[in-house]
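Notes follow the structure.
Number of protein chains: 2
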Amino acid sequence: EEKEQVEIKPPKEKRKVGITETALRDAHQSIMATRLRTKDMLPVAELMDEVGYHSLEVWGGATFDACMRFLDEDPWQRLRELRKRFKKTKLQMLLRGQNLVGYRHYADDVVREFVKRAVSNGLDIIRVFDALNDLRNMEVAADQIKKEGCHLQMCISYTISPVHSLESFAKLSLEMKGMGADSICIKDMAGLLSPVDAFNLVKAIKERTSLPVQVHCHYTSGMASMAYFAALEAGADVVDCAISPLAMGTSQPATEAIVAALKGGDLDTGIDLKKLVPVAEHFKKVKEENRNLVMGIEGVDVNVLIYQIPGGMYSNLVSQLKEQNALDKLQDVLEEVPKVRKEMGYPPLVTPTSQIVGTQATLNVLTGKRWKIVPKEVKNYFLGFYGRPPGEMDEDIKKIVIGDDKPIESRPGEILEPELEKAREVIKPWMVEPEDVLSYVLFPAVAKDFLIRKYARATKRDVGFEEALEGVAYPV
Amino acid sequence: EEKEQVEIKPPKEKRKVGITETALRDAHQSIMATRLRTKDMLPVAELMDEVGYHSLEVWGGATFDACMRFLDEDPWQRLRELRKRFKKTKLQMLLRGQNLVGYRHYADDVVREFVKRAVSNGLDIIRVFDALNDLRNMEVAADQIKKEGCHLQMCISYTISPVHSLESFAKLSLEMKGMGADSICIKDMAGLLSPVDAFNLVKAIKERTSLPVQVHCHYTSGMASMAYFAALEAGADVVDCAISPLAMGTSQPATEAIVAALKGGDLDTGIDLKKLVPVAEHFKKVKEENRNLVMGIEGVDVNVLIYQIPGGMYSNLVSQLKEQNALDKLQDVLEEVPKVRKEMGYPPLVTPTSQIVGTQATLNVLTGKRWKIVPKEVKNYFLGFYGRPPGEMDEDIKKIVIGDDKPIESRPGEILEPELEKAREVIKPWMVEPEDVLSYVLFPAVAKDFLIRKYARATKRDVGFEEALEGVAYPV
Ligand SMILES: [Co+2]
Ligand SMILES: [Co+2]
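In the order they appear, the protein sequences are chains A and B. For the first sequence, the numbering used here gives the first residue as 1, with consecutive numbering after it. For the second sequence, the numbering used here gives the first residue as 1, with consecutive numbering after it.
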């Protein structure tokens, strides 16, 4: 009798995949020198809130510094303004582990206070990475993010080397799960991730951790959209995209292209292309208004594919050599980079390791003798102040570089004295709100100038931050 | 006993896939207004011949016209110069069916003579398409290509409409096989092909015909590299790419990105990335030298995705409306296009149908009354002079447009009188070689000026074509 029932086929279940829009952080950092102002963002915020993104990346990376340094803007205030307008959409930031949003390791008290304030000012998701994939550099931040009840996304900084493998990355992701990670992000800052590797890596991480996996690629080598497509086929949950005027080149794949590409298949972004049109139009206008800031990097950078050197690092090498009138040595330097990287234990090439490796390789070639001149940063690297490299450092080179100095074995953040109290004393006279002390610790020189102006605006004019934002305080 | 043998796993067999490089034809047509000169190509020819491409697209499309019109170059001579240098690599061209490399239908005697000369001057593969996918417009060319012993590749002009489906395209490909096609090309001139559709379409054509399938996409919508990846997964044999400086935007995906993307997977292009570096460097230099010719279309064109209107057609509509001071009517026109296209039987939007549909849609909006003004081309379309549309034309509209005139039922090429003899008479005084008569028939006004100069150079200076090419005759 049961068999006589008509079999009704259920409609094919589509798997839901998410899009994180990076227009307000990584995209403009990558192609407009991090110069988008809050007033370039707010007019389109309500429209973006209706799109149905998984989340928006809006804070962290270089934006904190750039706000104060170039735009006379308070990064905290930007976050609050955005939070106010994004009522439905999750907001996320990029945190450089113990480096937070700066360029050195900060003491643990700073890390904990920063995370606390970041969450209380409106973030839903914090993505944490470390240039060396040294989990100890993410430990304190991760612990505090969990304490604040925020979504902890931990990053694998993707790279290619003899000591990095599917297995090593999968193992790393499992350790991240052990640290409380709510999701894993594959961070391909250089555009090295091929679709073949993306498929295998996502599969391995999924099998090992069962956690949601998000993929973050830059288009530099031209493979990013293919990597996304393969990653999603392998089970990835979310991919990072940028609205078309701020996409491609050194930025992310275009949101519209990824949404359209998945239409009619087994995956559903839940996004209506038509809702992206006014968003694209807005940023097209903003881009036109700021033509002079748009960097000329379009298309595909072959160097990424041949030398596995990120686009930014390559152009740095070129300009360093030009300054020395030694551009004819470029090929030698390009061939020296992998040697130095090997001797340093195969660090992924991302800020700050890309600068460290690149500078040493250039010096090795220009001085005519390898490791003859060694900058302080390179010495600190060999001393363990940046953390533990993925592979073994060359012992002979290490001896040449550090001499009789003793490398640290501990977590780099552990040896730093607390910094907050002292900083509070310094800025007491012109402190407006508790976040100011963090701005100061992170970028003392820049913040001092900025905070004095902020104090003057807040007191003399007796206006709230909100009005200040839209008034004279933020001249165009 | 057999079971006791040690099982030796054979190394995993990789499937060989080919790359057709379009730098010398479609890529520069798409992003440099077809302005590459033969002397921009020759210095890198020997290096390109070593890469291991499946083939190079070097001729046809708009290049024939552009050679004579803008570059004072003989297209036939270009082909011979390239052939001389490409000793290992197959050369191919794009032929617009009965339109050859021009913009109207030519008589059958012209079609046959053109194909004959194209093959005898050095082509290995001829790709034929028709804007309406009307096989009758490819019939004579296909027949002659087979007679010449040349590889016949027949194109499906890809589009999206209620009368186009996986099934209809697969059926078309089978009919092409019946006409002798050696391979099938999916020609996605507008960048509409999503990876999901690419996968299904390739699979359907492969199953139906067992012929090699080549995919040709433009990057306009940002989906092309994903479409290639999915098409190759489905069994496609060759994809069209452009070396990075001439890639992306309205051109093809970058060769380097596709080669790198497939590395380590089941597909093997057999191409060493390092061999592409000097090719990329050469065209980067050429592009820099011709900055003024590079069209500013980068990134992703959302209109392709929303309105399914090719990038070039969209910008044409905008400039037409600007001329009329009616840019505020753009939205109305964009919404009128699909209506007109429906009434015309859903032609794919490619030269010349994109211009025909776009102009009529604009007129319908600007005059305030639909089909009030009808240009000659639109009338000819309804009369059947362009061929048979994929769907049914609207009978009421047809009546309005053609009145009492009688549409033709036959193959459009059939009603044209032979053209060669008359043309030979005209150019007799300054004919240098038999190919000249074809240049004249195709573009009488342009060719007349050009051929007179060619005759003068060939006789007065008494130099062979080869020397002329590198000497005074082709001033920089
Ligand atoms: Co990034
Ligand atoms: Co094309």
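C-beta atoms are modelled at their ideal positions from N, C-alpha and C, and glycine is treated no differently. It should be emphasised that the depicted structure is a prediction, and the values quoted were computed from it without experimental measurement.
Cα-Cα separation, residue i to residue j
i	j	result
ALA142(B)	ALA45(B)	29 angstroms
LYS339(B)	LEU420(B)	40 angstroms
LEU71(A)	ALA445(A)	15 angstroms
THR89(A)	ALA118(A)	17 angstroms
SER157(B)	ILE205(B)	14 angstroms
ASP332(B)	ALA361(B)	9 angstroms
PHE283(A)	PHE86(B)	46 angstroms
GLU414(A)	LEU100(A)	15 angstroms
MET482(B)	MET32(B)	Because chain B is modelled from 1 through 476, residue 482(B) falls outside the range shown and cannot be assessed.
PRO75(A)	GLY265(B)	44 angstroms
LYS14(A)	VAL215(A)	20 angstroms
PRO212(A)	LEU56(A)	17 angstroms
SER244(B)	ALA458(A)	52 angstroms
LEU54(B)	MET154(B)	With the sequence shown as reference, residue 54(B) is identified as His, and Leu is not the correct amino acid for it. Distance between the alpha carbons of HIS54(B) and MET154(B): 17 angstroms.
MET68(B)	LEU47(A)	51 angstroms
ALA261(A)	ARG25(B)	27 angstroms
SER251(A)	ARG37(A)	18 angstroms
VAL426(A)	ASP108(A)	19 angstroms
GLN308(B)	THR255(B)	26 angstroms
ALA423(A)	GLU417(A)	12 angstroms
LYS329(A)	LYS322(A)	10 angstroms
GLU175(A)	ASN133(A)	11 angstroms
LEU145(B)	VAL111(B)	Leu is not the amino acid found at residue 145(B); the sequence shown has Ile there. Approximately 10 angstroms, taken between the alpha carbons.
MET393(A)	VAL300(B)	44 angstroms
Buried or exposed by the 16-neighbour rule on C-beta atoms within 10 Å, applied to residue i
i	result
ILE452(B)	exposed
VAL163(A)	exposed
ASN325(A)	exposed
ASN292(B)	exposed
PRO375(A)	exposed
ASP405(B)	exposed
ALA456(B)	exposed
SER410(B)	exposed
ASP268(A)	exposed
PRO407(A)	exposed
ASP436(B)	buried
PRO429(B)	exposed
LYS187(A)	buried
PRO310(A)	buried
Nearest-angstrom beta carbon gap, residue j and residue i [assumed within contact, 8 angstroms]
i	j	result
ILE306(A)	VAL277(B)	6 angstroms
LYS177(B)	GLU148(B)	Not quite, the Cβ-Cβ distance comes to about 19 angstroms (not below 8 angstroms), so this is no contact.
ASN137(B)	GLY345(B)	With a Cβ gap of about 15 angstroms, ASN137(B) and GLY345(B) do not count as contacting.
LYS226(A)	GLY191(A)	Looking at the sequence provided, one finds Met at residue 226(A) rather than Lys. That pair is no contact at about 11 angstroms.
LEU442(A)	GLY102(A)	5 angstroms
Sequence-distant residues of the same chain with beta carbon closer than 6 angstroms to residue i, five excluded per side
i	result
GLN29(A)	GLY61, ALA62
LEU79(B)	TRP59, ASN121, GLY122
ALA230(B)	PRO195, ALA198, PHE199
ILE373(A)	LEU363, THR367
ASP240(B)	THR20, THR22, HIS216, GLN252
ARG83(A)	GLY122
Beta-carbon contacts of residue i that lie in its chain and below 7 angstroms, excluding the five residues immediately before and after
i	result
ILE356(A)	GLU377, VAL378, TYR381
GLY270(A)	LYS16, GLY52
MET313(B)	LEU349, SER354, GLY358
PHE114(A)	LEU100, LEU438
TYR228(B)	VAL215, CYS217, VAL239, PRO253, ILE258
Spatial neighbours of residue i in its chain, beta-carbon cut-off 8 angstroms, leaving aside the 5 residues before and after
i	result
GLU433(B)	TRP76
Proximity test, residue i beta-carbon vs ligand 4 heavy atom, cut-off 8 angstroms
i	result
ASP26(B)	No copy of ligand 4 appears in this structure; the ligands present are ligand 1 and ligand 2.
Using a Cβ-Cβ cut-off of less than 8 angstroms, give me the residues of the segment 272–296 of chain B that come near chain A, in sequence order.
Residues LEU273, LYS274, LEU276, VAL277, ALA280.
Members of the segment 318–340 of chain A that neighbour chain B once the beta carbon cut-off is set at 7 angstroms
If the cut-off is 7 angstroms between Cβ atoms, the segment 318–340 of chain A has nothing near chain B.
Give the residues from the segment 418–452 of chain A that approach chain B closer than 7 angstroms (Cβ to any Cβ), ordered along the chain.
Within the segment 418–452 of chain A, no residue has a Cβ that lies closer than 7 angstroms to any Cβ of chain B.
At a Cβ cut of 8 angstroms, what residues of the segment 199–224 of chain A count as close to chain B, listed as they run along the chain?
Residues passing the 8 angstroms Cβ filter: SER221, GLY222, MET223.
Compile a chain-ordered list of the residues in the segment 303–316 of chain B whose CB is closer than 8 angstroms to at least one CB of chain A.
Residues LEU305, ILE306.
Can you give me, in chain order, the residues of the segment 231–245 of chain B that have a beta carbon less than 8 angstroms from any beta carbon in chain A?
Taking 8 angstroms as the cut-off between beta carbons, the residues of the segment 231–245 of chain B near chain A are SER244, PRO245, in sequence order.
May I ask you to list, following chain order, the residues of the segment 169–197 of chain A that have a beta carbon less than 8 angstroms from some beta carbon of chain B?
Cβ contacts with chain B: SER194, PRO195, VAL196, ASP197.
Within 9 angstroms of chain B by C-beta, residues of the segment 50–72 of chain A in sequence order
Residues of the segment 50–72 of chain A with a C-beta less than 9 angstroms from any C-beta of chain B: none at all.
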